Each structure stands twice: as C-alpha cells, then as structure tokens.
C-alpha cells in the first residue's frame, strides 16, 4: 500500500528545468530518503508536493486523493506535513505555543490541544524549554522544534527537509532515534538529507536525483556504491581515476 | 499575572471616578487619550496580530463618521444604529482590500500601498460628493440627547470613550489567548510556516481585517459626534492614518495594553505641547517631540515601551516570561 504516489512530476522556472518527469512512491510506514547534490531539485520536489509551488505537469496523490491545485494548509489537513530546511520557528512566542499551532489543527478545544502539544514537546525532548521563547533556542533545538510542530498536526506522511544538517554526530544520532520513534507511530517519512549517517541508519529505500531526474533507486548500501550516484556527487573524473 | 489584573482594575476604578475631580479641559484630553487608544487598538488587531501593515485606516474612521452622520441628518437615524451600519460598510470595504491583498499575495510595502491607495481615493471622491459636503465637510446639528449621541459637556463622552477603550483591551486580551488569536499570531510570525501547519492564513488575515475595520468605524462615529464637524481632510486624511498607528507602535505592537500605554504618553504630549508651544509661536513643535520619541523607542525599546517595562517589572508583578 502506498502512502504517497508521485507521477511524472515536472517543474520549470522559466527556461530552467528543476524537476523533470520524476516518479516515485512512498510506502505505508516506510522511511524513504531523497538524496542528490546541491541544486538537484530536492527542495523543489518538497515545495511541489506540499502546495507551495504549482506543478507544471504530473500528479501527486496522498492515499487516493490528488493534491493538484490544493493550497498548503489543505494538504496539511489531509495528513501530509513538511518541515523547512531553513527552520522557521515562530520566534516571539513560546516553544509550547509554537507546537500548539500545529496541535490546534486536529483539536478544536484549546485545553486538549495544549495537552497534546505538551506531550509532543516532551516527546522531542524540549520539555525543559516549553515556556522559553523560540528565539532563544540554538539551532539543534530549533530543528527539534521544527519536527515537533510538524508531528503535532498528526500527519500520516512527514516530509523532513534536511533536519540533520548542521548538527554534530551526537545530535544526529539523537535525531535518528527520534525519527525512528516517529516512524514507529505509523507515520511514513520522506527524508531529504545530505548527512549519509542519517540516510543509511534510517531509510529502507533511497532515491537519488540529479538535475531533477531520478538517477538511481535502491537500498541505502547499494545506492552509495552506485556509479551514477558517485558521478553525480564527485564527478566523472573522480570515478575514472578510481578505475 | 494576578497582580497585573489587580493593578489594572485599580486604574480602571480611578478612571471611573476621575471626572469628579477634573475640569472640562483636562477631561477633554482624557477623551482624546481614550479615543486614540481605541483606534490604535483597532489597528493593532490587524497589524499587531497578523502582521499586515495598513496605512489607510483613516478610511474606516471616515466611513464610520460619514455614514452615521449622513443617516442621522437625512433619516434622523440614531448614530447608535448608524455606527453599526458604518461598521458593516467598513467590513465590506476592508474585505475588498483584504481580498486583493491576501489573495494575490501582496505583502510588505505593496500591501501598504494598496491600503494607502484606497484611503486616498476615498478622500478624493468624498471631496467631490456634494451631499456629503465636499471639501468643506459637514457640520453636525447640535441636538444633545442620548438618541443623537450628543451631549452637553465632556463627561458623557469621557465615559463612552473610556468604555470603548476598556472594551477593546478586554476584547484583544481574550483574542490573543483564543484559538483564533493564536492562529493570527502564527500568521504574523511566519505566514508560510503557519500554512505548512494547516493554518488558513487567508481566512485569518481576512478576519483580522474585518474586525479591525469594524472597530475603527465605530470610533469614527464617536469622533463625529464629539467634535460636530467632519471633513475629508480630517477623518479621511493620511495624517490620521499615521496618527492612529503611532500609539500602538510606541506602546507595544501585538499587546493588549500597548496602544493604551502609547496613548497615555503621546496624546497628552501632543495636546499640551500643542497649546503650550502655540502660545510661544512654536506651532508644530509637538511633531518634533513625536519624532524624537519614536526614534528613541525604536532604538532602545525595539518592541515598544510595554514589553520593555514588562521585562523590567516582571519580578514585581510576578509575570511569566
């Protein structure tokens, strides 16, 4: 069963083709990683999936529902939520109130939404900071907050855009545990990531893209040895020099 | 928090008794303090809580003033009903502006220009509508009675304006802890991030625009019946649009008490310095004082005097951070 199906998705910016005929599916309860060099079109894919950019052609389906032409908040309501690569906390309100914004999506009652938000804040390990202003959090904690806000909307599909970038190895390992726990709750995860430690530890499958096209797909340990992937990251010359 | 509410109740009680002690001139200054605090609060609902900057709020003051006055003169309709009708028209106009701005993604300065454009167009159009008095404006007939919202002396106006201000503070306080208020704040902080969490930013922006316009229009009706004279260059002017945003900005945007604090500082400053300096032949000096104060606040109390004080007084009042 597929949680999310992407069918020959294309997106151009003027003359520049950012994504070209990309198709893939995310299975129910799976963790799938989307990797590729800088500028490969990963974040554009996220923006198209979540309604922040209109698709030029192709289709995106969540369950059996087409998401074409839906606006971002409608897509979130249907159960797919994203985080932003450059984290976007609501700076001037408390950590708890940040998460509460997400929690209010499914809870009409404020009291119950707050209880849910508190639960999520504890879950991501920000319990000590729940009354602090989001503005005082350092980057690693802001990444957790970004995750907490998204989880609080109770998604079926979670799109994470480089949540591990800029973290040290210990912090990466903590985040890996966290994402695994989220996944065990039954949430399917699509991960954009450069931190290979995270990709390999978490994902059941990996899709590599370059210039907006899929160049490889498979298990993580296969993907890192795939010549097309190595060429995309390190160049043809490197590949040839290795024999 | 409890101490703060206690303090505010005390202040409110003092304000209720104050007219017994003061002379007519000082009561008049208080009416202006309350009136501008109220208008600032109305603007604060939009800009302080959703972050969309309107520089054309005089438009709604004008709508409230002109509609209730015109209906009172032509149909002898009580301004108490006229102000509601004015409020409804203001909501409709604000919805048009909001729709254009929010639907087509006009943000920042472009939205500001849109609001200015509508207000200026309205001012110029009214200047040429004969039944509304054109440039010269309308002198209201003075027929004091509760029905006509006109009174001898300043005391009834004092209590009406105090009621408007206190009511608006209470409303905004309730709003900011409500579901709607919290979603509006999310839109203010980061509109796209809010959308990503399922917040319909268009809906909450429109709601804020409507509430703000309605409140502002009520203020317009009050003002018309307080000064008995309205003209395009007073109630529809760019100057008024700027005047009414200064108090929340200096007092503290996005707080329930900021506009009140700002008005208690700026309005007396303007009234007293205006009459004081005018005697010495220094008209307009109060504007320089405004400017200096605004610069000082922006430099040293970035988010307004209220949040600055709040931090300083938190231990005394036992506030949460």
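Protein chains in written order, with the numbering used here: chain A, 388 to 630; chain B, 120 to 440.
Using N, Cα and C, we set each Cβ at its ideal position, and we do this for glycine too.
None of these values were measured; they are calculated from a predicted model.
Would you say residue 431 (chain B) faces chain A, with C-beta separation under 7 Å as the test? Not flagged as an interface residue toward chain A: residue 431 (chain B), since no C-beta distance is shorter than 7 Å.
Over the uninterrupted alpha helix (DSSP H) stretch that includes residue 245 (chain B), give me the two end residues. That run of the alpha helix (DSSP H) goes 228-246.
Can you tell me which of B:425, B:338, B:188, B:206 puts its alpha carbon nearest to the alpha carbon of residue 369 (chain B)? B:425
Report the option in B:431, B:334, B:378, B:309 whose CA atom is closest to the CA atom of residue 208 (chain B). Comparing Cα-Cα distances from residue 208 (chain B) to each of B:431, B:334, B:378, B:309, the minimum goes to B:334.
To which residues of the same chain is residue 329 (chain B) closer than 7 Å at the C-beta, ignoring the five residues directly before and after it? 210, 213, 214
Unbroken stretches of the alpha helix (DSSP H), 4 residues or longer, contained in the segment 360-426 of chain B: The qualifying runs are 377-398, 404-419.
At what residues does the alpha helix (DSSP H) containing residue 344 (chain B) begin and finish? 320-346
From B:289, B:242, B:338, B:361, residue whose alpha carbon lies closest to that of residue 385 (chain B): The residue with the shortest Cα to Cα distance from residue 385 (chain B) is B:361.
Cβ of residue 162 (chain B) within 7 Å of Cβ of residue 337 (chain B)? With respect to the 7 Å criterion, residue 162 (chain B) and residue 337 (chain B) are not classified as neighbours on the basis of their beta carbons.
Exposure label - residue 400 (chain B); buried when at least 16 CB within 10 Å: So residue 400 (chain B) counts as exposed.
Can you say whether residue 518 (chain A) is buried or exposed, counting buried as having 16 or more other CB atoms within 10 angstroms of its CB? exposed
Would residue 391 (chain A) and residue 544 (chain A) qualify as a contact pair, given that the criterion is a beta-carbon distance under 7 Å? Taking 7 Å as the Cβ cut-off, residue 391 (chain A) and residue 544 (chain A) qualify as a contacting pair.
Report the rounded CA-to-CA distance for residue 481 (chain A) versus residue 259 (chain B), giving the unit in angstroms. 50 Å
Pick helix, strand or coil for residue 521 (chain A), following the three-state DSSP scheme. Here residue 521 (chain A) sits in helix by DSSP.
Terminal residues of the continuous alpha helix (DSSP H) containing residue 406 (chain A)? It is not in any alpha helix (DSSP H) - residue 406 (chain A) instead sits in the beta strand (DSSP E) that spans 403-414.
Where do the ends of the alpha helix (DSSP H) carrying residue 212 (chain B) lie? 198-217
Is the CB-CB distance between residue 242 (chain B) and residue 355 (chain B) below 7 Å? yes
Determine contact between the segment 556-570 of chain A and the segment 521-534 of chain A, defined as no fewer than three beta-carbon pairs at a distance below 8 Å. yes
Close beta carbons around residue 483 (chain A), own chain, < 8 Å, minus the five adjacent residues each side: Once the five neighbours on either side are set aside, the close Cβ partners of residue 483 (chain A) are 501, 504, 505, 508, 517, 518.
Which residues in chain B sit within 8 Å of residue 489 (chain A), going by Cβ to Cβ distance? 316, 317
Inter-stretch contact at 8 Å, needing at least 3 Cβ pairs: the segment 186-198 of chain B / the segment 247-266 of chain B: yes
Report the neighbours of residue 525 (chain A) on chain B: residues whose CB is nearer than 9 Å to its CB, in chain order. None at all; the shortest Cβ gap to chain B is about 18 Å.
What are the partner residues of residue 398 (chain A), as DSSP defines its beta bridges? Note: residue 398 (chain A) sits in a beta bridge opposite A:406.
Rounded separation between residue 425 (chain A) and residue 458 (chain A) - CA only: Across the structure, residue 425 (chain A) and residue 458 (chain A) are spaced so that their CA atoms are roughly 27 Å apart.
On the DSSP bridge assignment, give the partners of residue 579 (chain A) in chain order. A:421, A:548, per the DSSP bridge assignment.
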